[in-house]
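Numbering (this note's numbering), first residue to last: 2 to 297.
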């Protein structure tokens, strides 16, 4: 028992850290890059696809929250399946989780390169390697340091995007449904919208990764479910409203080929300072996704 206590991780993460880790793991390319691709396939109804995908993420969130509350140990999916089905299945799940995090971080870094090119002419691969090294060192120092950085990044992203959404929704309301780019809404029919639900569902992939840090969360039975639920609500609102604003203010033919749709929408809505802040917020979001992936 004493040996177990010596090997136990410190429970230093609070609700704000759980929320920041879960939200930061979600908000990256799904918001700042994917809307253009989604609109190209489904038209304005891609907005509805984001909302439906968020609702479909609820069962996964509830399941992982229940497991992480009952078994608050490091490892997440690996530990759950290892306890239930044995080490072999747990190992396969662990490799699967690792691969999903690698691919999600790679997706975030692709988006970061697209936004970084708007600011400075620099090799995106170099920036990616530097970020990975910095966040790896942060996580070696401890999850508290990594989570504190994550909290700062997420608060900044949400603040800037809040400004963007308020201005965007006011502009969309002033234009009206007919005066914006929302009509017609189902340009490819409902089948196109349903197909895009699967495409944008990847945006919510980071939601449950906070379970991997459950052993470091104080009072996990309360803070993990609450933090994940708050994260899903905020993430779904941000994705849906962000896509709505982008679709409403940017012509469809421009949005279809755009790898930085939120930046393009910000140029139409905000002053130059606001547009620059949106770019910085996008870079912060990509960085937070990478940090959360390394921590998980």
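Here a beta-carbon is modelled for each residue, glycine too, at the ideal position from N, C-alpha and C.
Rounded to the nearest angstrom, what separates residue i and residue j at their Cα positions?
{"i": "residue 147", "j": "residue 156", "result": "14 Å"}
{"i": "residue 89", "j": "residue 164", "result": "48 Å"}
{"i": "residue 63", "j": "residue 122", "result": "43 Å"}
{"i": "residue 16", "j": "residue 185", "result": "42 Å"}
{"i": "residue 151", "j": "residue 21", "result": "6 Å"}
{"i": "residue 204", "j": "residue 27", "result": "6 Å"}
{"i": "residue 166", "j": "residue 183", "result": "16 Å"}
{"i": "residue 18", "j": "residue 85", "result": "28 Å"}
{"i": "residue 371", "j": "residue 105", "result": "Lying before the first or after the last residue shown, residue 371 is absent from the chain, which here runs from 2 to 297."}
{"i": "residue 1", "j": "residue 207", "result": "Because residue 1 is not part of the residues shown, which for the chain are 2 to 297, the question remains open."}
{"i": "residue 260", "j": "residue 33", "result": "8 Å"}
{"i": "residue 73", "j": "residue 59", "result": "20 Å"}
{"i": "residue 100", "j": "residue 77", "result": "14 Å"}
{"i": "residue 98", "j": "residue 229", "result": "18 Å"}
{"i": "residue 82", "j": "residue 11", "result": "24 Å"}
{"i": "residue 14", "j": "residue 219", "result": "6 Å"}
{"i": "residue 251", "j": "residue 269", "result": "8 Å"}
{"i": "residue 94", "j": "residue 199", "result": "22 Å"}
{"i": "residue 56", "j": "residue 231", "result": "13 Å"}
{"i": "residue 4", "j": "residue 137", "result": "Bear in mind that the predicted position of residue 4 carries a pLDDT of just 39, short of 50, making it too unreliable to give a figure here."}
{"i": "residue 255", "j": "residue 132", "result": "31 Å"}
{"i": "residue 128", "j": "residue 284", "result": "11 Å"}
{"i": "residue 103", "j": "residue 292", "result": "12 Å"}
{"i": "residue 188", "j": "residue 194", "result": "9 Å"}
{"i": "residue 172", "j": "residue 149", "result": "35 Å"}
{"i": "residue 45", "j": "residue 278", "result": "26 Å"}
{"i": "residue 215", "j": "residue 65", "result": "11 Å"}
{"i": "residue 282", "j": "residue 87", "result": "42 Å"}
{"i": "residue 253", "j": "residue 267", "result": "15 Å"}
{"i": "residue 242", "j": "residue 126", "result": "31 Å"}
Note down, in chain order, each residue of its chain lying with its Cβ closer than 6 Å to the Cβ of residue i, except the 5 sequence neighbours on either side.
{"i": "residue 108", "result": "30"}
{"i": "residue 287", "result": "29, 109, 112 and 113"}
{"i": "residue 275", "result": "none"}
Please classify residue i: is it buried, with 16 or more other beta-carbons within 10 angstroms of its beta-carbon, or exposed?
{"i": "residue 258", "result": "exposed"}
{"i": "residue 224", "result": "buried"}
{"i": "residue 213", "result": "buried"}
{"i": "residue 265", "result": "buried"}
{"i": "residue 37", "result": "buried"}
{"i": "residue 141", "result": "exposed"}
{"i": "residue 96", "result": "exposed"}
{"i": "residue 134", "result": "exposed"}
{"i": "residue 191", "result": "exposed"}
{"i": "residue 290", "result": "buried"}
{"i": "residue 169", "result": "buried"}
{"i": "residue 217", "result": "buried"}
{"i": "residue 174", "result": "exposed"}
{"i": "residue 158", "result": "buried"}
{"i": "residue 294", "result": "buried"}
{"i": "residue 211", "result": "buried"}
{"i": "residue 248", "result": "buried"}
{"i": "residue 177", "result": "exposed"}
{"i": "residue 209", "result": "buried"}
{"i": "residue 245", "result": "buried"}
{"i": "residue 130", "result": "exposed"}
If I measure Cβ to Cβ from residue i and keep anything under 8 Å in the same chain, skipping five residues before and after, which residues do I get?
{"i": "residue 201", "result": "31, 35, 39, 47, 50, 51, 54 and 240"}
{"i": "residue 196", "result": "42 and 43"}
{"i": "residue 1", "result": "Summary: the structure shown does not reach residue 1, with the chain confined to residues 2 through 297, and so no result is reported for it."}
{"i": "residue 272", "result": "none"}
Where do the ends of the alpha helix (DSSP H) carrying residue i lie?
{"i": "residue 199", "result": "190-201"}
{"i": "residue 235", "result": "221-250"}
{"i": "residue 254", "result": "253-256"}
{"i": "residue 31", "result": "30-33"}
{"i": "residue 22", "result": "16-27"}
{"i": "residue 262", "result": "262-270"}
Within the same chain, show all residues whose beta-carbon is closer than 7 Å to that of residue i, passing over the 5 residues directly before and after it, in chain order.
{"i": "residue 70", "result": "221, 222, 225 and 226"}
{"i": "residue 280", "result": "116, 119, 120 and 264"}
{"i": "residue 160", "result": "none"}
{"i": "residue 237", "result": "52 and 55"}
{"i": "residue 154", "result": "25, 285, 288 and 289"}
So, does the CB of residue i fall closer than 7 Å to a CB anywhere in chain D?
{"i": "residue 149", "result": "In the structure shown, chain D cannot be found, because there is only a single protein chain."}
Next on the checklist: In chain order, what are the residue ranges of uninterrupted alpha helix (DSSP H) at least 4 long that sit wholly in the region 45-118?
Outcome noted: Under the rule that a run must span 4 or more residues, the alpha helix (DSSP H) segments found entirely inside the region 45-118 read 47-71, 78-86 and 88-117.
Item to check | Sequence ranges, alpha helix (DSSP H) only - wholly within the region 125-171, length at least 4 | outcome: Fully enclosed alpha helix (DSSP H) runs of 4 or longer: 125-142.
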